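Once you know that position 322 of the sequence shown is 325 in my numbering, the rest is easy, because the numbers rise by one and skip nothing.
Cβ coordinates follow ideal geometry from the N, Cα and C atoms, glycine included.
Predicted model, so just to flag it, every value in this text is computed and none were measured.
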Amino acid sequence: MKIAKIEQFFPRPRMRLVKITTDNGLVGWGESTLEGKPKSTMGAVDELSEYLVGKDPLLIEHHWQHIYRSAFFRGGAILMSALSGIDQALWDIAGKHYGVPIYKLLGGPVRDRVRVYAHWGIRDLSDEGKATAKERLDYLQKTGGYMAFKSGPAGKWRAHEPPARIDQFVEAAYTMREWVGPEVELCFDFHGKMTPALAIEICHEIKGMRPMFVEEPVPQENVDALKLVADHVPFPIATGERLLSRWEFRRLFEIQACAYIQPDGSHAGGISELKRIANMAEVYYMHIMPHCAIGPVALSACMHVDAAVPNFLIQESVGPDWLMDVAQPAWRVKDGYIELPTVPGLGIEVDEAEAAKMATYREELGGEHFYDDDGSVADW
Ligand SMILES: [Mg+2]
């Protein structure tokens, strides 16, 4: 069996798909979305296609090593996202070739279902804002029975903010707890836009509503700053969606900088590298909660690893039908869990007519530029 063709699709903002077809007609899908960089990963996949066409698709590890090492410069978000999409598609082909779901090729499932959370929160405390939030909560609970939700402090945050600004977020967090009760987990993504001092201050303000974790309290580059936050906060701290490959997680592990890690199956190096990062994390008693704010192809890729590693805690998803008009998974969310699919490969059917409707680069890039009141660049 040889790789015959590699195609790419860009059907929606935040959704780039890689399709690998073999000379005997097997098709593998992967997701190589790199948010906010619509053209870059597609260019990288194009370059890598020249190497892959004509090769045996089952030599997944060999191709991973070639792509990662052979062009001298290693890593980085563009190469690693391209590699991730290709790796997922190769695993999809392997599953279909052997007639089993991918998790069976990763050592077999260690659980029957995969716990998942959805994006939900109160971002606006006006009556209107609360009504919208309530509607979304009812929808998520009714459609998927979700028992865990993630939100975050909206907008721009300077190095410090006056009490009114902080109190607004704190009030929203406590209101969320009041609405969902003590059986439900609530977590907050600070999106790497705080300083360590401000993150610690806000975490202390919300500790009484018992969050499951706070994510990316500070940006990802300095894990010592992350450890400073974790050491001063009495509940779990998480990070990792912007750390790529085992090598970028290494120091975080060694200094035990946080409680949980969130590698992304479409950025960190695909199914292959997500599994290896999870296995490394096990040594440090850290659980994985794979990051996934993109489509169902990427979510399915994470789910196969979640099924096969012991130190898995919960899987991120945006919601029950996010981007599913393009790609339909062979699973649904029920009672807050994904039941493991039994179909071979990734378990994804892509609607190619939908996938072929190209989004515009401008659609993806629009609106994501943040500036403070003084005109300086802010994190979003
Ligand atoms: Mg995040």
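Excluding sequence positions up to five before and after residue 218, its CB lies within less than 6 Å of the CB of 192 and 241, all in the same chain and listed in chain order. When rounded, the separation of the alpha-carbon atoms in residue 8 and residue 97 is 16 Å.
In the DSSP assignment, residue 348 forms a beta bridge with 104. Placement of the Cβ of residue 219 at a distance of less than 8 Å from at least one heavy atom of ligand 1 is found.
Pairing residue 92 with residue 284, the inter-Cα distance amounts to about 25 Å.
Scanning its chain for C-beta atoms nearer than 6 Å, with the 5 sequence neighbours on each side dropped, one finds around residue 265 the residues 241, 243, 244, 292 and 294, in chain order. Secondary-structure assignment with DSSP links residue 31 through a beta bridge to 23. Taking 8 Å as the cut-off, one finds no heavy atom of ligand 1 near enough to the beta carbon of residue 262. In this structure residue 347 touches residue 99 by the C-beta definition: roughly 5 Å separates them, less than 8 Å. Taking non-hydrogen atoms of ligand 1 into account, the C-beta of residue 271 is found less than 8 Å away from none of them. Between the segment 39-47 and the segment 58-66, the count of Cβ pairs shorter than 8 Å is below three; the stretches do not touch. Each residue's CA atom was taken as its position, placing residue 75 and residue 250 some 16 Å apart. Counting C-beta pairs closer than 8 Å gives fewer than three between the segment 102-122 and the segment 164-174, which falls short of the contact rule. Comparing alpha-carbon positions, the option among 70, 79, 90 and 73 lying closest to residue 22 turns out to be 90. DSSP lists no beta-bridge partner residue for residue 292.
Using a Cβ distance threshold of 9 Å, residue 88 and residue 43 do not count as a contacting pair. Between the segment 298-307 and the segment 349-358 there are three or more C-beta pairs closer than 8 Å, enough to call the two in contact. Between the segment 127-137 and the segment 319-333, the count of Cβ pairs shorter than 8 Å is below three; the stretches do not touch. When DSSP states are grouped into helix, strand and coil, residue 127 belongs to the coil group. Going by DSSP, residue 49 is part of no beta strand (DSSP E) but of the alpha helix (DSSP H) stretching over 43-55.
Per DSSP, the beta bridge partners of residue 118 are 340. Scanning its chain for C-beta atoms nearer than 6 Å, with the 5 sequence neighbours on each side dropped, one finds around residue 147 the residues 323 and 336, in chain order. Non-local beta-carbon contacts of residue 149 in its own chain, meaning distances under 6 Å to residues more than five positions away in sequence, involve 121, 143 and 339 in chain order. For residue 62, DSSP assigns no beta-bridge partner whatsoever. By the criterion of a C-beta distance shorter than 8 Å, residue 247 is surrounded in its chain by 78, 79, 80, 83, 270, 271 and 272, once the five residues flanking it on both sides are discounted. By the Cβ-count criterion, residue 286 is exposed, with fewer than 16 other Cβ atoms from all chains shown falling within 10 Å of its own Cβ.
Secondary structure of residue 15 (DSSP, three-state): strand.
Linking residue 307 to residue 268 through their CA atoms gives a straight-line distance of about 10 Å. With a cut-off of 8 Å, the C-beta of residue 328 is classified as distant from ligand 1, since no heavy atom of the ligand falls inside that distance. Take residue 311, set aside five residues on each side of it, and the residues of its chain with a beta-carbon closer than 8 Å to its own are 106, 109, 110, 111, 112, 113 and 278, in chain order. The alpha helix (DSSP H) runs of length 4 or more contained entirely in the segment 249-331 are, from start to end of the chain, 273-286 and 299-311. Following the DSSP letters along the chain, one finds residue 152 inside the beta strand (DSSP E) bounded by residues 151-154. Annotation for residue 244 indicates a beta carbon within 8 Å of some heavy atom of ligand 1. DSSP, read as helix, strand or coil, puts residue 357 in helix. When the Cα atoms are used, residue 233 and residue 198 turn out to be separated by approximately 13 Å.
With a cutoff of 8 Å, residue 296 counts as near ligand 1, since its C-beta is closer than that to a heavy atom of the ligand.
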